[in-house]
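Peer 1: Protein chains in written order, with the working numbering: chain A, 659 to 1212; chain B, 44 to 506.
Just so you know, even glycine gets a beta-carbon here, dropped at the ideal spot from N, CA and C.
In this text, all values refer to a predicted model and were calculated from it rather than measured experimentally.
Take a look at the following structure, please.
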Amino acid sequence: MENSISSKVYKTVLFIFSICWISFISLDYFQKHPGYLMNAKVFNFWGLYAAVILICIALSILVIKYKSKFIKFSRGISLYLFSLFLVCITFISATNAADEVANTGTLNIENLASFIFLFLKVSAFLLIILCCCYATGNLFTKSLKVEFSKNSKRIIELGIGIMLLVMICFVLGIFKVLYAFVLWPIVLFLIGFNWRNSLDFIKTLFWDPLKISKKMNPFGVFCLLFLTYLVGINLMQNLTPWPKGWDSLSLYVNLPNLIQEYHGLVKGFQPYNWSLFMSLGALLFNSIETTLSLSFAGGILCLFALYPLAKNVFKLDINYSLLICLLFYLIPTVSFQSFLEQKVDLGLLFIILIIINILMKWSLGASQKKAEINQKNEQIEEAKTLFFDKYLVIAGLLTGFAFGIKLTTLFTYFGVIAMIWFLNMGSLAFICVSLMSLFGILLVKLDDMSGMRAHHLSSNLVQWFLLAGGIGFLVYLFMKHRKQLIKSLMQTVVYSLFFGLMVIPWLGKNFVDAGNKISFNYLLNGKSNAPTFDLNRFEQKWQENNNTNGQNNH
Amino acid sequence: MGRIITKNYSFIKSLFFLAGFLSILSTCTIANAQEKKEEVVQNSVREEIQRYMGYEPLLQRYLSLPYDTSMNSNVQGAFVDISYLSLAILPIIFLLGFKSKPSLGIPFMLLLLFFIGISISNGSLFTNYGVVNIDQINERTEVNMPEGFVANVYQRIQSICAPMNKAINSISGENDHITYPLLMLIFVLSYFLIARRIQHLPERQKMLINFTFFFSFMWVLLTAGIVWYGYPIIALGFLLIIAGLSKIHNQTDWLSKGIAYLSFGVIGLYLLSSFLYRYSNYQTYVGDVAPKVLYDIGEMNYQAGKSNRKQVFDGFFQGGGWDAIQRINQEDQSLVYRIGTVFPYFIKKNDRRVLLDNQLGIFFQLNRKYQNKGLLAKILKANGYKYILVDLNTHTIDKTPEQTLKKKFIDFLEFCNANPSLRLMATNRMVNLSTNQTPNFQFRVFGNIVEGRHGSYAIYEIL
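Listed below in structure tokens is the structure:
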């Protein structure tokens, strides 16, 4: 069969199809994105472009060829300095070009020092905040006694720490005491209380030698160096006196601005956990650059969260894992949010990737436990561990936190439940959860948020069919895998409870903001103080005003 | 062995049960499709959010979404650019899983062709620095490579797909009964196809792929194609691409090796071009000085300690924006009516002072009731509004076929034009007020706009 003529013909067709598909999509893309070609025609930085790539390539080859000599330099601090060096070259290039165009004046040493100082200052501010988050997260996981794989442990703890620090800010925000003199003691206490691990975090980040895997090739080193440079230039472009993007100016950085103005939570708006996190830059350091960089930091953290997924789940070698990170970080939409539009989506993605990392760890434990329990047949032991599965608890808390960043986390919430059910009972359980989730979404009219529901004339009917389908599968699962179904239900309850726990504060805030009115819309979106429009009221006020003026004139 | 057969049997039985179930629903709803409403929903959501998804007939809108998102057929810009890699490589990796199963591989290829056909035949093409519909291509004369090649393919695809589109249009439209049931059916059937394709993978990888698939479907269904709501799909998508390619690369047959090399080549090309694009600061520059600078000059001067906040602001917003904002901030009680612009960020207590009307829905109602522009300004004033912020490019986001936003914006400009109750405080639009050959350039909203100085904002005070 493998070598038959029909098989050869089929494979040839497959090959030709693949070539045509990939070629056409690529050509079509460049046709629809003329910016790539047009910019290449008028591009003014070929020298810089070539220099950066060649420096990275040369260094990559040298590092692999003279591994033993480079090993002592392979530390976080070296990477940071390498990035700073290239960023300075970029800055000098950019300012020289600007001088040619707009006579902005040449760059003197004082100007360069000013730039480097700003870069170092914001890096240090970021480090302090992230270190505090790590210390907090580490304390939390230590007290829960949960373990993670070596290459995901720190980043998960950092994610958990961000969640906890934001919750502290939320509580302080309720009482309108978000002042530097209140926050600094808390930050210092958290770092100081866990000083060993805080120090260890900084040491690992900057000083401990990086382990160059035997499998690492020059391409892997190139990806790492190039990524470091990209992070550097993105940080450089965050050193601005205010955000540049539409959404950041209108909402995502405006909120930290308002939080700093009121020293408390801002009335209304959808939950804004990540903006609260970003406000730490303004509150602790009165530095808008740090606020902006906390948004950009979401992108870097995503890389650290994506890497262990590639390594642990897909068992990819370090070169491929770094390539994934580079590809992700270089696509325009991600770059755009890293230096032009400081939003919360990269922060949200980071938390979602952390949740997935935790679930991957949990699934490993769950499979092992399932095997052990099957061997021992100890049902009581199984039931005991179900109700308080620490990984699910943390995943639930983080999902609730992510929901407080953006409501689209609901996809993640249902997705996680589908994953849990899939792990326990397979594909049909996945479909069952999917249909039930879709039913729930249509029932509460979440599809109305994009305004698309009005176009679907059968949505009311479809939701009941989905429910019927879901129940059908549920009955089937009950008959076939009763024990597993009950277990899945319990796990769903545990996960959902802790999800709810993190959502409740925001719902409570929105409830109070809305004047204790219970409304689905108000609970999710809050009720702001912004002026509202009502045509009749406008008319009435105009009449009142006319009358007053008439009386005054009279 | 027997257990596997029984398991597969119950699996297939369920599949047929569900497919039949949803097919009946689809058939029932087709019968009702004739009742479709022609009424166009004129609201802000349609103008602001649905533009990412496009305005094709409903069914095609969803089916073409993966293509549109990769190609940015509906909304252009770096902020929605996710690259072509997922669309180019992921389906091929999936297809390679059926390299020894023609019974699945050939239908899958046909399915891919169907999707690309639907997407392209309802799409648009970018020629001569503008987006045009396919049927307008012939009117363009300066079509060159790659436009020429792509345009040619487009036209052929459109003629081949014309009957198919006609058939779909007869059951779908602006509103319909069929799209939701069909989407649900596609979701279930696709899942079973994916489950078949990944059955040999470890449990954790399956979990991750299932999660990605579920998230993707939710994104298609609920987000109207807004790219950043689907970031997890992009990140996990790259993970799947590279994981897939690494496996394919390790296989020994010529087919796998060949495709792996081709894919890595395409990835390499993308890395180089996207880095160049990154350096270009994501602007589509045409004959300007802008490409000669790496990023904003004001920012550079700020970083170098050469400029303060005000100077940077003036660089961004010429025409007195800073002074106008200072004036607005002299007190924090008067209200501000806002049509776009980013200025609220700079206004104190902007969360309680600014009325948002980006899509001019409020203005539409006011203007319909009070057609006298002097009166309308007085009514705003009576309600506490003292300032108006307006984005002079508001109309450019309008992608609706009916151009509803554009019409409202023209009415709004008419309201501002020569209105004795309004005073222009600041604008960065430059007009030539001269009636003879000697130019008289001034910052104004109305007049002969100087080329390249269209401007982006205006701030008015209501007198």
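#1: What's the gap between the Cα of glycine 795(A) and the Cα of isoleucine 149(B)?
#2: Would glycine 850(A) be called buried (16 or more neighbouring beta carbons within 10 Å of its own) or exposed?
#3: By Cβ distance below 7 Å, which residues in the same chain neighbour leucine 138(B) in space, the five residues on each side in sequence not counted?
#4: I need the straight-line Cα distance from isoleucine 440(B) to tyrosine 98(B), nearest angstrom please.
#5: Can you tell me the Cα-Cα spacing of serine 162(B) and aspartate 1003(A), whole angstroms?
#6: Could you work out which residue in Ile505(B), Leu130(B) and Gly120(B) is closest to isoleucine 277(B) when comparing CA atoms only?
#7: Would you call leucine 848(A) buried or exposed, if buried means 16 or more other Cβ atoms sit within 10 Å of its Cβ?
#8: Threonine 1150(A) and isoleucine 125(B): beta carbons closer than 7 Å?
#9: Since alanine 1213(A) contacts asparagine 208(B) with CB under 8 Å, what's their CB separation in whole angstroms?
#10: Once the 5 residues before and after glutamate 78(B) are set aside, which same chain residues still bring their CB inside 6 Å of it?
#11: Could you please tell me which residues of the stretch 992 to 1012 of chain A, in chain order, have their CB closer than 8 Å to any CB of chain B?
#12: Name the chain A residues that come within less than 8 Å of proline 463(B), Cβ to Cβ?
#13: Quick check on tyrosine 930(A) - is its C-beta less than 7 Å from some C-beta in chain B?
#14: Excluding the 5 residues preceding and the 5 following threonine 1206(A) in the sequence, name in chain order all residues of the same chain whose CB lies nearer than 8 Å to its CB.
#15: From which residue to which residue does the beta strand (DSSP E) around phenylalanine 486(B) run?
#16: Any beta carbon of chain B sitting closer than 7 Å to that of asparagine 912(A)?
#17: Establish whether the CB of alanine 1041(A) and some CB of chain B are separated by less than 7 Å.
#18: Which whole-angstrom value is the C-beta distance of isoleucine 826(A) and leucine 938(A), which I expect to be below 8 Å?
#19: Since arginine 381(B) is in the beta strand (DSSP E), which residue starts that stretch and which ends it?
#20: What residue from Ile674(A), Met1094(A) and Leu1055(A) has the CA that sits closest to valine 1133(A)'s CA?
#21: Does DSSP put arginine 472(B) in a helix, in a strand, or in coil?
#22: What residues from chain A crowd round serine 146(B), counting only those whose CB sits closer than 7 Å?
#23: So, for leucine 789(A): in the same chain, excluding its five sequence neighbours on each side, which residues have a beta-carbon less than 7 Å away from its beta-carbon?
#24: So aspartate 1105(A) contacts chain B; which residues on that side make the cut at Cβ distance below 8 Å?
#25: Quick check: the Cα distance between methionine 696(A) and asparagine 351(B), rounded to an integer number of angstroms?
#26: Tell me, please, whether the stretch 893 to 904 of chain A touches the stretch 974 to 989 of chain A by the rule of three or more beta-carbon pairs shorter than 8 Å.
#27: Please report the straight-line C-alpha distance between glycine 957(A) and serine 996(A), rounded to a whole angstrom.
#28: Is there a Cβ of chain B sitting closer than 7 Å to that of glutamine 1198(A), yes or no?
#29: Residues of chain B with CB under 7 Å from histidine 1114(A), in chain order?
#30: Check this for me: beta carbons of tryptophan 1200(A) and isoleucine 422(B), under 7 Å apart or not?
#31: Determine the contact status of glutamine 346(B) and leucine 776(A), defining contact as a CB-CB distance below 7 Å.
#32: Run through DSSP, which three-state label would aspartate 400(B) get?
#33: Quick one, which of Met1160(A), Leu1104(A) and Lys1145(A) has its alpha-carbon nearest leucine 1055(A)'s?
#34: So, is aspartate 375(B) buried or exposed, given that buried needs 16 or more other C-beta atoms within 10 angstroms?
#35: Could you compute how far the alpha carbon of glycine 890(A) sits from the alpha carbon of serine 781(A)?
#36: Listing by chain order, which chain B residues have their CB less than 8 Å from the CB of glycine 926(A)?
Peer 2: Taking the definition as stated:
#1: 51 Å
#2: Exposed, because fewer than 16 other Cβ atoms sit within 10 Å of the Cβ of glycine 850(A).
#3: Closer than 7 Å at the Cβ level, and outside the excluded window around leucine 138(B), lie Gly148, Phe151 and Met152.
#4: 14 Å
#5: 27 Å
#6: Leu130(B)
#7: buried
#8: no
#9: The structure shown has nothing for residue 1213(A), since chain A only spans 659 to 1212.
#10: Model confidence at glutamate 78(B) stands at a pLDDT of 42, short of 50, so the residue's coordinates are unreliable and nothing is read from them.
#11: Val992, Ser993, Phe994, Gln995, Leu998, Glu999, Lys1001, Asp1003, Leu1004, Leu1006, Leu1007, Ile1010 and Leu1011
#12: Against chain A, the beta carbon of proline 463(B) has no neighbour under 8 Å; the closest one sits roughly 18 Å away.
#13: no
#14: none
#15: 484 to 486
#16: yes
#17: At alanine 1041(A) the pLDDT is 49, less than 50, meaning the model places this residue with poor confidence and gives no usable figure here.
#18: Rounded, the Cβ-Cβ distance is 10 Å, inconsistent with contact.
#19: 378 to 382
#20: Checking every option, the nearest Cα to that of valine 1133(A) belongs to Met1094(A).
#21: coil
#22: Here the premise fails: no neighbours, minimum Cβ distance about 10 Å.
#23: As written in the sequence, residue 789(A) is cysteine, which differs from the leucine given in the question. Around cysteine 789(A): Ile849, Ser856, Phe859 and Ile860.
#24: Leu264 and Leu265
#25: 33 Å
#26: no
#27: 7 Å
#28: no
#29: Those are Thr222 and Tyr223, listed as they occur along chain B.
#30: In contact: tryptophan 1200(A) and isoleucine 422(B) (Cβ atoms closer than 7 Å).
#31: yes
#32: coil
#33: Met1160(A)
#34: exposed
#35: Distance from the CA atom of glycine 890(A) to the CA atom of serine 781(A), rounded to whole angstroms, is 10 Å.
#36: Asp394
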